[in-house]
Amino acid sequence: MRPAPAPLESTFLGRAPVIAQVPAGHPWSRRTTITLAELATEPLILMTRANVARLDEAVSRAGLAFAAVSETGSSPFAQALAAAGRGVCLVTDHARFGLSELIVHTPDGPLTVPLYAGWDASHYARSAIHTLVDGLHLLRPPYATVPGAVTAGAATLPTARYQ
């Protein structure tokens, strides 16, 4: 994902992990991490190619291939399919339906996606939007303890990064 094109303004917010999720009865349900190589052996439920929360690039860089893939445009639907035992879903959402979360480790580190805030540069509330975006560092991100994931703090949201 890239920063917003002109005439939009944007700022980088951080990185969010792509989380593998499995149902309670799955052999991995008591684990907290999983490798990319292990994931590639299982049926996977991925977001469509229009979604940035994919692992195609990481799998290709690692010289791996998917065993089987189903696609959906909805994270909750991917999670419902995983809860029904149809495969391991990979999403950026918190677990639902009793699923267990596993951090995905690649040869390059935890699998993450970039997060940006973007808005119309000519929006009448531009000043308020800047204030809101600058204040986001006060929120504690859900995965703040995941190495390589979203981190809070002023260094993450410098005002000078507006484009």
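For the sequence shown, the numbering used here assigns the number 2 to the initial residue and increments by one for each residue that follows. Built from N, CA and C at the ideal position, the CB exists for glycine as well.
Extent of the continuous beta strand (DSSP E) run through residue i
i: L116; result: T113 to D121
i: R16; result: L9 to P18
i: T34; result: T34 to T36
i: P44; result: P44 to M48
i: L91; result: V89 to V92
Whether residue i touches residue j by CB criterion (8 angstroms)
i: V19; j: L116; result: no
i: I35; j: V105; result: yes
i: A69; j: P44; result: yes
i: G74; j: T49; result: yes
i: V60; j: L82; result: no
i: S1; j: A118; result: Outside the displayed span of the chain (2 to 164) sits residue 1, for which this structure offers no information.
i: L9; j: D109; result: no
Boundaries (first-last residue) of the alpha helix (DSSP H) holding residue i
i: S172; result: The structure shown does not extend to residue 172, since the chain spans only 2 to 164, so no value can be given for it.
i: L133; result: R127 to G136
i: A68; result: Note, A68: premise wrong, no alpha helix (DSSP H); not H, not E.
Among the options, the one whose alpha carbon lies nearest that of residue i
i: T113; options: A122, A21 and E10; result: A21
i: S76; options: A68, V89, F67 and W120; result: V89
i: T93; options: Q80, A85, R87 and W120; result: Q80
i: A41; options: T107, P111 and Y125; result: T107
i: R97; options: A17, D121, P8 and P24; result: P24
Residues bridged to residue i (per DSSP)
i: V23; result: S101
i: H106; result: T36 and P111
Assumed close pair residue i, residue j - CB separation to whole angstroms, cut-off 8 angstroms
i: I218; j: S71; result: The displayed coordinates of the chain run from 2 to 164. Any statement about residue 218 would go beyond what the structure contains.
i: T33; j: L100; result: Their Cβ separation, rounded to whole angstroms, is 13 angstroms, which puts T33 and L100 out of contact at 8 angstroms.
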